[in-house]
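Colleague: Read in order, the letters of the sequence shown are residues 3 to 243 in our numbering.
Sending over a structure as structure tokens; questions will come in a sec.
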Amino acid sequence: MPIPEPDVWGLAFRRIHEGSLRSAVLRRDDGWAEDVPEMLASYFGPPEPHQVELLSRLSGRVLDVGCGVGRHLLWLQEHGIEAVGIDHSPGAIEVCQQRGCHDVHVGAPVDLDFPGNHFDAAIMFGNNAGIGGTVEGCEAIFRRLARWVRPGGLLIAEGREAAVANSPGHAEYDAAGQRAGHPAGQVRWRLECCDEIGDWFALMLFEPEELERLLPATGWRVQCCTPHQPSLFVVVAEAAD
Ligand SMILES: C[S@@+](CC[C@H](N)C(=O)[O-])C[C@H]1O[C@@H](n2cnc3c(N)ncnc32)[C@H](O)[C@@H]1O
């Protein structure tokens, strides 16, 4: 999976860090668009209360997949937990380093390698359960994580349900996407920031039951699946032996 070029997420994160973000728009490929400076700025804040409760269960060495600007890495570090972050945006990783994250790497999970059983847990917060873009892409990521996390170690993955996704007209968008050959639950977006326009990227919006079915096929035993906001849910799974 190539490094995004232009790295518009990284540009937006760098601009927020410098206090100079002028505009940021997330555009769906049917034209619907949303102003997202507040959403992007929220990644610089502390983890959300339900995330703190989940992070508190972790110990040892934790991998943050799609770590953004490192809000969960910083929390883990401050609580004495070894935290390793990966993100395919070089700008995001640069901002992580400036914010004091100790161990961060540019790359997607399918392009990086870590030794087997290297981590005690992996986290995918901020709706990152679907960053694989397709069912197969997500399965490839979960399989890799199951290899890197020791047996009994945890995966905590946040997802957003397609059926109650907050973007308007989602049902019609999804139906039109499927008629055009896209998988059910896939949303195609691009980020536009200042004068830069990013490439289209795909995100899977899973129903909780879909993730509960998919994870056991990729080396994970689902422990629980909990709703947290109208459309957001968290799956906790344990790496199988
Ligand atoms: C919505 S942000 C969430 C950031 C962070 N997890 C948080 O909650 O603060 C998604 C992040 O995932 C990264 N990302 C998206 N797809 C990725 C992939 N395939 N591999 C690595 N990083 C990815 C983006 O660059 C972005 O920084």
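For glycine and all other residues, C-beta sits at the position ideal for the given N, C-alpha and C.
(1) Can you tell me where the alpha helix (DSSP H) with glutamate 7 in it begins and where it stops?
(2) Hey, is phenylalanine 127 close to ligand 1, as in C-beta under 8 Å from one of its heavy atoms?
(3) What is the C-beta distance between leucine 65 and valine 86, in whole angstroms, given that I count them as a contact (C-beta under 8 Å)?
(4) Under 8 Å, with one C-beta from each stretch per pair, do the stretch 135-145 and the stretch 170-180 reach the 3-pair mark?
(5) Would you kindly work out how many angstroms separate the C-alpha atoms of proline 180 and aspartate 31, rounded to a whole number?
(6) Assuming glycine 161 and asparagine 129 form a contact by the criterion Cβ under 8 Å, report the distance between their Cβ atoms to the nearest whole angstrom.
(7) Please state whether DSSP places glutamine 79 in a helix, a strand or coil.
(8) For isoleucine 158, is the beta carbon positioned less than 8 Å from some heavy atom of ligand 1?
(9) Among Gly187, Ser58, Trp191 and Val27, whose alpha-carbon lies nearest the alpha-carbon of phenylalanine 203?
(10) Could you tell me the boundaries of the alpha helix (DSSP H) in which arginine 181 lies?
(11) Report the residue from His19, Ser58 and Leu205 whose alpha carbon sits nearest the alpha carbon of cysteine 186.
(12) So for histidine 19, helix, strand or coil by DSSP?
(13) Check the DSSP bridge columns for leucine 157 and list the partner residues they point to.
(14) Nearest by alpha-carbon distance to leucine 28: which of Ala242, His19, Val189 and Arg152 is it?
(15) For phenylalanine 46, which residues does DSSP report across the bridge?
(16) Hey, is aspartate 31 close to ligand 1, as in C-beta under 8 Å from one of its heavy atoms?
(17) For aspartate 89, verify whether its CB is less than 8 Å away from any heavy atom of ligand 1.
(18) Need the endpoints of the alpha helix (DSSP H) that leucine 56 sits in, please.
(19) What number of angstroms, rounded off, separates the C-alpha of glycine 118 from the C-alpha of proline 153?
Modeller: Here's the rundown:
(1) Premise fails: glutamate 7 is in no alpha helix (DSSP H) and is neither H nor E.
(2) yes
(3) 5 Å
(4) no
(5) According to the sequence as given, residue 180 is glutamine; it is not proline. Approximately 14 Å between the Cα atoms of the pair.
(6) 6 Å
(7) helix
(8) no
(9) Trp191
(10) 172-181
(11) Correcting the residue type first, residue 186 is alanine in the shown sequence and not cysteine. For alanine 186, the nearest C-alpha among the options comes from Leu205.
(12) helix
(13) Ala124 and Ala239
(14) Val189
(15) Phenylalanine 46 pairs with nothing; no bridge assigned.
(16) no
(17) yes
(18) 51-57
(19) 10 Å
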